[in-house]
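2 protein chains.
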Amino acid sequence: MSEDTLKKAIKSAQESKNKGGLITNQRDAMAQGLELVDKSAICMLGTIGEDGFPNIKAMLNLRHEGLKKIWFSTNTSSRRVQQLKKDNRACVYYVDEANFKGLMLVGTIEILQDIESRKMLWSEGAEVYYPLGVEDPDYSVLCFTAKQANFYHQLTNLTFEIE
Amino acid sequence: MSEDTLKKAIKSAQESKNKGGLITNQRDAMAQGLELVDKSAICMLGTIGEDGFPNIKAMLNLRHEGLKKIWFSTNTSSRRVQQLKKDNRACVYYVDEANFKGLMLVGTIEILQDIESRKMLWSEGAEVYYPLGVEDPDYSVLCFTAKQANFYHQLTNLTFEIE
Chain E
1 MSEDTLKKAI KSAQESKNKG GLITNQRDAM AQGLELVDKS AICMLGTIGE
51 DGFPNIKAML NLRHEGLKKI WFSTNTSSRR VQQLKKDNRA CVYYVDEANF
101 KGLMLVGTIE ILQDIESRKM LWSEGAEVYY PLGVEDPDYS VLCFTAKQAN
151 FYHQLTNLTF EIE
Chain F
1 MSEDTLKKAI KSAQESKNKG GLITNQRDAM AQGLELVDKS AICMLGTIGE
51 DGFPNIKAML NLRHEGLKKI WFSTNTSSRR VQQLKKDNRA CVYYVDEANF
101 KGLMLVGTIE ILQDIESRKM LWSEGAEVYY PLGVEDPDYS VLCFTAKQAN
151 FYHQLTNLTF EIE
């Protein structure tokens, strides 16, 4: 796998360098970042483990509001929720593997259990995760609020604040 | 996207629950985890930012030795290397989006610049990243050593030590 992976990446980086189609301004980075968020079925949630080591887990990309807010559905009993209760600093990462693009959003997470938030992310059959239904105490909603973003494309990357 | 994503995930979780094909022992988790690492073109590297927030970036999955060691190629001047010089705690995450599988490896990273390590990950055309060639001071190799793993599949997850 490795040889092919590197050769493909090098070829793509060379083409991109020659074409000069790289992201150089914040407006384009935000637009392409939002496009990536809109089309992604999953994203990666980064948290700080109880031992201080970084942790990553794939999450369903269920709902977002621009690049500022992202909501996740999770089990209250999960390791992630226990970690976030102690340290709510987080990041969310979206990747477009085929086009060598990535968006990292850095911010904080609020753990919600109010009925409106629960209903917002509920779907028929979600009892497979939360057997007691929409009011299951083991059902929590994570609300991520971004403060900063990094957009990666090929050889370039651009950092910007999220207002 | 969100509605479809959740419905697909629920359906897959229900089928998997009914079939009872979930991972329950460490040997299977290690075997399936290794299979995922073997076939992945990219993985996500988690680090701790200078402000203490978790950071994630996609990396090319170039070379590994079982689940214990993973090597990455990167720019010495990159933000990642600066972060790792201050705090070398890291995690590496592999995901199989279609089958709702994920593997998180937690460990530490050593920054290498010796010629053997450089040559090991070098490929023709890699000057697009490191213009001065295999001895470019801006070319570093990251060697990740895992101490613990988490394998996720559908509704289950299993934690085990990496010897």
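Just so you know, the sequences run in chain order E and F. Each residue of the first sequence is one higher than the one before, starting from 1 at the first, in this note's numbering. Each residue of the second sequence is one higher than the one before, starting from 1 at the first, in this note's numbering. For every residue, glycine included, the Cβ atom is placed at its ideal position computed from N, Cα and C.
- For F:Asp28, no beta strand (DSSP E) run applies; the uninterrupted alpha helix (DSSP H) run containing it begins and ends at 26-39, by DSSP.
- Under DSSP, E:Pro54 forms a beta bridge with E:Ile48.
- The Cβ atoms of E:Glu50 and E:Gln83 lie closer than 9 Å to each other.
- Neighbours of F:Gly52 across chain E, judged by C-beta separation under 9 Å: Ile48, Asp87, Arg89.
- Residues of chain E with a Cβ closer than 8 Å to the Cβ of F:Tyr93 are, in chain order, Met44, Ile56, Lys57, Ala58.
- Counted as a single uninterrupted DSSP element, the alpha helix (DSSP H) harbouring E:Ser117 occupies residues 115-121.
- If you check the CB distance, F:Leu105 and F:Val92 come in under 9 Å.
- Per DSSP, the beta-bridge partners of E:Val92 are E:Leu45, E:Leu105.
- E:Leu158 carries a strand assignment under DSSP once its states are collapsed to helix, strand and coil.
- From the beta-carbon of E:Ser117, no residue of chain F is found nearer than 7 Å; the closest lies around 14 Å away.
- Any Cβ of chain F closer than 9 Å to the Cβ of E:Gln32 would place that residue at the interface, and such an atom is absent.
- Contact between the region 101-116 of chain E and the region 140-153 of chain E is present: 3 or more CB-CB pairs across the two stretches fall below 8 Å.
- Taking the beta carbon of E:Val134 as reference, no residue of chain F falls within 8 Å; the closest one sits roughly 14 Å away.
- E:Ser140 has a beta carbon lying at 9 Å or more from every beta carbon in chain F.
- Looking at the DSSP output, F:Arg63 bridges to F:Trp71.
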